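Once you know that position 254 of the sequence shown is 772 in our numbering, the rest is easy, because the numbers rise by one and skip nothing.
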Amino acid sequence: MTLGEGRAPLAGKFIVLAVTGGIASYKSIDLARQLTLEGAEVQTVLTRSARAFVQPLPFQVLTGRTPIEKMFPVEGGDHPGDMPHISLTEKAHQVVLAPATANAVAKFARGDGDDFLSTLLLSAKAPVIVAPAMNPRMWSSPAVQENIRLLRSRGHIVIEPGVGRMARPEEGEGRGRLPENAEILAEIHKVLLPNPDLAGLRLLVSAGPTRERWDAVRYLSNRSSGKMGFAIAEAAAGRGAEVTLVSGPVSLSDPAGVKVFRVETAEEMRIAMLDAWRNADAAVMAAAVADYRPSAPLDEKKKKESGPAAIELERTADILAEMSESKGRRILVGFAAETGQLAENAMDKLRRKKLDFIVANLVSGEENAMGADASRAIIFDPSGSGEELPLQEKYLLSRKLLDRITKMWQKSS
Ligand code: CTP
519 MTLGEGRAPL AGKFIVLAVT GGIASYKSID LARQLTLEGA EVQTVLTRSA RAFVQPLPFQ
579 VLTGRTPIEK MFPVEGGDHP GDMPHISLTE KAHQVVLAPA TANAVAKFAR GDGDDFLSTL
639 LLSAKAPVIV APAMNPRMWS SPAVQENIRL LRSRGHIVIE PGVGRMARPE EGEGRGRLPE
699 NAEILAEIHK VLLPNPDLAG LRLLVSAGPT RERWDAVRYL SNRSSGKMGF AIAEAAAGRG
759 AEVTLVSGPV SLSDPAGVKV FRVETAEEMR IAMLDAWRNA DAAVMAAAVA DYRPSAPLDE
819 KKKKESGPAA IELERTADIL AEMSESKGRR ILVGFAAETG QLAENAMDKL RRKKLDFIVA
879 NLVSGEENAM GADASRAIIF DPSGSGEELP LQEKYLLSRK LLDRITKMWQ KSS
């Protein structure tokens, strides 16, 4: 996307541009200008050391907003309200840290909260785009590299600095230059603008738990929240796929642009999935389907009796296994919720259910993926090789899964 086309691709987007202090700080003035020209609302944040290199006025003139410099709002100032860092990150579609000094990177990695910028970064919801700029020796130091790895493992996007002449000629060349504004803009576009790489794909997704009735008011279920399946459906629709989502009972609202069928039991989910599978190119079975249901559910509410009670259970159908019977060359992805022997159990499921890949999660201990906002996962493919995905928000995980599906789909079509 270039400027001068009379387009405003970032219209409606609110971007926080945080500027820290380095010789490259002046380049952020032009970045603020370009973002504004592309239609974005831009709020700049200047650290104390940024103020040693740049003045607030150019940012104010270009963006129409006074840069934020202080932790606490000034009485009668431009940023009333008691917690501007929280309200800003609530509103922001994207936070961009450019240039990011070694100090800013270290504070962000460590989770400091001692100035406006660090508290803002701590409360940021979406992945932050970080554009580092520093001396090459600092950039290659183990401490900075460790911090960069940490930020990336948390899902943040760190753009590799450029190679070039340093500010002072005697320092020669090396990696550490602020990435070009065009590169930073391209990253912003990648995150904020719809990428239609799944246009034409008919994707079926299942999500949430199922409920198996025991009596008039009680049921057997599990702790699945549906967040993973909903995140996949939403992200796929954003990438142009035609998405059908079959969900068990969850408290999430329908993702935009997705056809949603709400079901309750494993059997209802089976019927809805098999029906939609007839017209799908790929399916992701993220639901936590009950394996058992009470064999004789009661119409009345069961009265308590003295002594122990037992519920007789019978097996439900394995939906994924049934779908794999008519798989053909279509893409089929499963999840494996395990409390141990992750690799062995996941590979066994992948083979039995003829899957193209399986996403294995631990559902025990501190990192129980079920119901959580973030999870760690390993993706296994039929060759047995596993890709480890570090702990991250489910919407970030969903992007990685979709990248895999995109590759497979593009190869096959
Ligand atoms: N699955 C399904 N129908 C079921 C049970 C599971 O379609 N009745 C799907 C899940 O949605 C998931 C995959 O099969 O994609 C694996 O689910 P999981 O519960 O981990 O494994 P099971 O096959 O049920 O095996 P087990 O419970 O013995 O671990």
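Just so it is clear, CB atoms sit at the ideal spot from N, CA and C, and this is done for glycine as well. Please read these numbers as outputs of a predicted model, since none were measured by experiment.
Item, Value
"Judging by CA-CA distance, which residue of Val560, Met888, Met926 and Leu575 is the nearest neighbour of Gln612?", "Val560"
"Would you say Asp715 touches the ligand CTP, meaning its beta carbon is less than 7 angstroms from a heavy atom?", "no"
"With burial defined as no fewer than 16 other Cβ atoms inside 10 Å of the residue's Cβ, what is the status of Val648: buried or exposed?", "buried"
"Any residues whose CB sits closer than 6 angstroms to a heavy atom of the ligand CTP? List them in chain order?", "Ala784, Met803, Ala805, Val807, Asp809, Thr834, Asp836, Ile837, Leu838, Gly852, Phe853, Ala854, Ala855 and Lys867"
"Within 10 angstroms of its Cβ, does Lys545 collect 16 or more other Cβ (buried), or is it exposed?", "buried"
"For Leu640 versus Pro527, is the C-beta distance shorter than 8 angstroms?", "no"
"Figure out for me which residue from Pro812, Arg796, Phe853 and Ser916 has the closest Cα to the Cα of Ala828.", "Pro812"
"For the beta strand (DSSP E) holding Ile533, just list the boundary residues, first then last.", "Phe532 to Val537"
"Rounded to a whole number of angstroms, what is the C-alpha to C-alpha distance between Trp896 and Ala835?", "Looking at the sequence shown, residue 896 is not Trp but Ile. Near 26 angstroms, if we compare the C-alpha coordinates of Ala835 and Ile896."
"In whole angstroms, what is the alpha-carbon distance linking Ser824 and Leu880?", "38 angstroms"
"Determine the burial state of Arg870: buried for a count of at least 16 other Cβ atoms within 10 Å of its Cβ, exposed for fewer.", "exposed"
"With burial defined as no fewer than 16 other Cβ atoms inside 10 Å of the residue's Cβ, what is the status of Phe853: buried or exposed?", "buried"
"Compute the beta-carbon to beta-carbon distance between Ser765 and Gly726, rounded to the nearest angstrom, for a pair I have assumed lies under 8 angstroms.", "5 angstroms"
"Where Gly557 and Ile533 are concerned, what is the direct C-alpha to C-alpha distance, given to the nearest angstrom?", "10 angstroms"
"If you scan the segment 764-833 from start to end, which runs of the alpha helix (DSSP H) of 4 or more residues do you find wholly inside it?", "784-795"
"Based on the DSSP secondary-structure assignment, which residues constitute the bridge partners of Ser893?", "Gln910"
"At what residues does the beta strand (DSSP E) containing Leu564 begin and finish?", "Glu559 to Leu564"
"Sort out for me which residues DSSP pairs Pro727 with in a bridge.", "Ala806"
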